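Under this note's numbering, the sequence shown has 801 at position 62, and the numbering climbs by one with no breaks.
These notes are about the structure you will find just below.
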Amino acid sequence: MKAMKLCVFDLDGTLNQTHLFSVPAHLEALREFGITDKTPEEIMGTFGARAAEYVPYLLGDPNIGPAAQRWYLDLVAENENKFIKIYGKPYDGVMESLQNLKRDGYRTAVCSNASQRYIENCLKELELAPLIDEIQPLLPDMTKADTLSLLLERVKPAAAVMVGDRLFDWEAARANSLPFVGCLYGYNPEEVEKSPYTVAHAGDLYRTVKAALESSPAL
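Quick look at the structure:
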């Protein structure tokens, strides 16, 4: 029996063109709080971070309470559900790359600093759900390195690779002794441009992820 190998993907900035629906969702929610000076670039700079980190920044209050944070996140979620149906789409080449990896017998997963609800909704609306075998959301008081470790413990692959566009994706890979593929087309390319493997276009994911995975040591 062939040993199972796992391709782990971040979601926002890796598979999902988040800005298409999330920027207008945030701008509309921010207006509810009377905030009109945040730019799309500032909002996109928060993509992939944990809500506890980016909500105080966007609202301009490092001491904002949990009730206000929850209200803001609920507004954003409501807006995202509306806008993703209109504007949402994966990066060009993502679907084909995932299809090719699945065809070659690799298992696929999403490990994201987002909720289960958000991940499932994005994969459904982007029509990627049939191509993803496992989902690992953010959990309270855990880093991405921690949740990636949980995913690996649950799936128990013979080898795995992490793919993402943020430094904490790379750090999660290192903490779990995985090769890392940095997505230079994502929202923070400068954070991952020196990673051992990089892709400038999502259409290159299949070839690069496969190369990184085949060179990966056994877990």
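C-beta: ideal position from N, C-alpha, C; glycine also.
As the structure is a prediction and not an experimental result, all values here were calculated from the model.
Leaving aside the five residues before and after residue i along the sequence, list all residues of the same chain whose C-beta is less than 6 Å from its C-beta, in chain order.
i, result
"residue 754", "748, 829 and 833"
"residue 838", "none"
"residue 740", "In this predicted model, residue 740 has a pLDDT of only 38, less than 50, meaning its place in the structure is not dependable; the value taken from the coordinates is given anyway. There are no such residues."
Terminal residues of the continuous alpha helix (DSSP H) containing residue i?
i, result
"residue 864", "855-864"
"residue 838", "833-842"
"residue 782", "779-783"
"residue 886", "883-894"
"residue 947", "944-953"
"residue 910", "906-914"
Sorted by chain position, which residues of the same chain lie with C-beta nearer than 8 Å to residue i's C-beta, five sequence neighbours on each side aside?
i, result
"residue 746", "840, 845, 846, 847, 848, 899, 900, 902, 948 and 952"
"residue 779", "758, 762 and 766"
"residue 888", "914 and 915"
"residue 774", "797, 798 and 799"
"residue 954", "918"
Taking just the CA atoms, how far does residue j sit from residue i?
i, j, result
"residue 756", "residue 956", "31 Å"
"residue 827", "residue 897", "34 Å"
"residue 752", "residue 941", "10 Å"
"residue 943", "residue 932", "15 Å"
"residue 785", "residue 918", "24 Å"
"residue 912", "residue 872", "19 Å"
"residue 866", "residue 770", "31 Å"
"residue 723", "residue 925", "Coverage of the chain is limited to positions 740 through 958, which leaves residue 723 absent and any answer about it impossible."
Beta strand (DSSP E) containing residue i: first to last residue?
i, result
"residue 772", "Unbroken run through residue 772: none, as it is neither H nor E."
"residue 846", "846-850"
Tell me whether residue i sits in a helix, a strand or coil according to DSSP, three-state version.
i, result
"residue 740", "Note on residue 740: pLDDT 38, under 50, position unreliable in the model; the coordinate value appears next. In this structure, residue 740 counts as coil in the three-state DSSP scheme."
"residue 822", "helix"
"residue 789", "coil"
"residue 924", "coil"
Within a Cβ cutoff of 7 Å, which residues of the same chain sit near residue i, ignoring the five residues on either side of it in sequence?
i, result
"residue 886", "850, 875, 877 and 878"
"residue 852", "787, 788, 789, 877 and 883"
"residue 743", "846, 896 and 897"
Looking at residue j and residue i, is the spacing between their C-beta atoms short of 8 Å?
i, j, result
"residue 750", "residue 861", "yes"
"residue 920", "residue 894", "no"
"residue 777", "residue 797", "yes"
"residue 768", "residue 818", "yes"
"residue 836", "residue 936", "no"
"residue 859", "residue 823", "no"
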